[in-house]
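Below is one structure, written out as structure tokens, with a few remarks after it.
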Amino acid sequence: MKLIFFLFEFLKIGLFTYGGGLAMIPILRDISIENAWLTDSHFTDLIAISQSTPGPIAINMATYIGYREFGVLGALLASIVIIAPAFILAILLGKFLSKFNRHPAVQAAFVGLKATVIGLVGTSVLQVALVSLYHGDGGVIYRPLEGIDLKALLMFGVFYLLIRKYQKHPLFYIAMGGVISLVFF
Amino acid sequence: MDFLKKLLKLYMIFFKVGILTIGGGYAMLPILERELAEDKNLLDMESILESYSLSQTLPGVVASNASTMIGYKLYGIPGAVAAALGVITPSIIIITFIAIAYKRIGHLEVVQKIFRGIRVVVLALLLDSFTRLFKMAVFDKKTFAVMVLAFGVVFFDLVSPLLVIVIGAFFGIYAYRERVGS
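Take a look at the structure:
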């Protein structure tokens, strides 16, 4: 029964998330925290793991959470269930999809969807900031200066500029961050 | 038998695509091109690009959607199943091992130390993605308002993110139908 509830959450995500892996991050975070599957900092580690290992980010995250909760079976089923709704839609709509996409109502829906997803990605940015830039258990949004980690803040600034300037693969920056942190933190 | 062999080959091709796609959807396009168009001559680049761009308009995971559509185009429903399963198999195997490892050594001080720095990098990467997406999707007062509202209600846990997405789509239809249609 618990497994069915668990899989139903992934089915919903697979059906309602639009915009790929990045859009899945805030939604997976929301359900993971709500169900106490992962803590905030553990979830941030999962983002890093998913971005630096082979395979689509969303599948990596689904597999990880599935394994944590229900072992190998959970890993397998969470990944299959998260792709199932779009799989069915792709086959049903296949031939009509390009026509369907050109429909004005669909185009208009996409405008609203994209703006919404940006807002959701924004919540991930802020939540990860509260986890990564603060000492101990993380920061509180109402008291932004309390417990801030200046070393982390400086490192963030430098990395953000490097990423903007060079646009190398995320894996490169993640590996560099791990090494720097091991040496200097 | 011949058909089964073809399906197995397709599964293996997408298995390879799954391994080589590190970090998500966009990384997969050049790999698809090499594996399907150049090496195997299964599909031309134009069909690959078309499937890829259409798959972005479906919900869910772009990489598996694109694989599903290409597999379906080649060998029907069995092809779609083979391709979709192929592209997610490497993730399932690799991440399961990582999850096992994290469970065992994740609490060690040295691992926590490494992840402290990595979390900062994740923040920088996310902010970079956010600013790039922002430029693409927010272009007037209404889209800006939608973004801010979606951010606020989700950050303060007022509405579930999935519901917010559905509302956002309906708002788009309500607010932009005339403009996009004309």
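As given, the protein sequences belong to chains A and B, one line each in that order.
Those letters in the first sequence? Residues 281 to 465, by the working numbering.
Those letters in the second sequence? Residues 471 to 652, by the working numbering.
Backbone N, C-alpha and C define an ideal beta-carbon position, used for all residues, glycine too.
- The beta-carbon distance between alanine 554 of chain B and methionine 498 of chain B, rounded to whole angstroms, is 13 Å. This is too long to meet the 8 Å contact definition.
- Within the stretch 332-350 of chain A, those residues whose Cβ lies closer than 8 Å to any Cβ of chain B are, in chain order, Ser332, Thr333, Pro334, Gly335, Pro336, Ile337, Ala338, Ile339, Asn340, Thr343, Tyr344, Tyr347, Arg348.
- Taking the Cα positions, glutamine 331 of chain A is about 7 Å away from proline 450 of chain A.
- Residues of the stretch 528-561 of chain B with a C-beta atom less than 7 Å from some C-beta of chain A are Leu528, Pro529, Gly530, Val531, Val532, Ala533, Ser534, Asn535, Thr538, Met539, Tyr542, Ile547, Ala550, Ala554, Ile558, Pro560, Ser561, listed in chain order.
- Rounded to the nearest whole angstrom, the CA to CA distance from isoleucine 547 of chain B to phenylalanine 641 of chain B is 35 Å.
- Using a C-beta cut-off of 8 Å, the stretch 627-646 of chain B makes contact with the stretch 293-313 of chain A, since at least three inter-stretch Cβ pairs fall below that distance.
- DSSP links tyrosine 453 of chain A through a beta bridge to no other residue.
- Pairwise C-beta distances place the stretch 593-613 of chain B out of contact with the stretch 372-387 of chain A, as fewer than three of them are shorter than 8 Å.
- Look at proline 334 of chain A here: in three-state DSSP terms it is strand.
- By the criterion of a C-beta distance shorter than 6 Å, isoleucine 584 of chain B is surrounded by no residue of its chain, once the five residues flanking it on both sides are discounted.
- For the stretch 292-325 of chain A, not one full-length beta strand (DSSP E) segment reaches 3 residues or more.
- In the structure shown, valine 551 of chain B falls within a helical segment according to DSSP collapsed to helix, strand and coil.
- Residues of the stretch 634-649 of chain B with a C-beta atom less than 9 Å from some C-beta of chain A are Val634, Ile635, Val636, Ile637, Gly638, Ala639, Phe640, Phe641, Gly642, Ile643, Tyr644, Ala645, Tyr646, Arg647, Glu648, Arg649, listed in chain order.
- Contact of asparagine 315 of chain A with chain B is not assigned, every C-beta pair being separated by 9 Å or more.
- For isoleucine 558 of chain B, same chain residues with a beta-carbon under 7 Å away, outside a window of 5 residues either side, are Gly488, Ser534 in chain order.
- Taking the beta carbon of isoleucine 501 of chain B as reference, no residue of chain A falls within 9 Å; the closest one sits roughly 11 Å away.
- Following the DSSP letters along the chain, one finds serine 378 of chain A inside the alpha helix (DSSP H) bounded by residues 377-382.
- Per DSSP, leucine 478 of chain B is one residue of the alpha helix (DSSP H) stretching across 472-490.
- Bounds of the alpha helix (DSSP H) holding aspartate 598 of chain B are 579-607.
- Residue pairing by DSSP places isoleucine 327 of chain A opposite no residue, since no beta bridge is assigned to it.
- For methionine 471 of chain B, no Cβ of chain A is located within less than 9 Å of the residue's own Cβ.
- Counting along the chain, the unbroken alpha helix (DSSP H) around leucine 502 of chain B starts and ends at 498-502.
- Following the DSSP letters along the chain, one finds arginine 444 of chain A inside the alpha helix (DSSP H) bounded by residues 430-446.
- Beta-bridge pairing by DSSP links arginine 423 of chain A to A/Val420.
- Between alanine 432 of chain A and tyrosine 414 of chain A, the CB-CB gap stays under 9 Å.
- A contact is defined here as three or more CB-CB pairs under 8 Å, and the stretch 585-595 of chain B fails this definition with respect to the stretch 479-486 of chain B.
- A distance below 8 Å between beta-carbons, with the five flanking residues on each side excluded, links leucine 406 of chain A to the following residues of its chain, in chain order: Ile421.
- With contact defined as three or more Cβ pairs closer than 8 Å, the stretch 326-340 of chain A and the stretch 359-377 of chain A are in contact.
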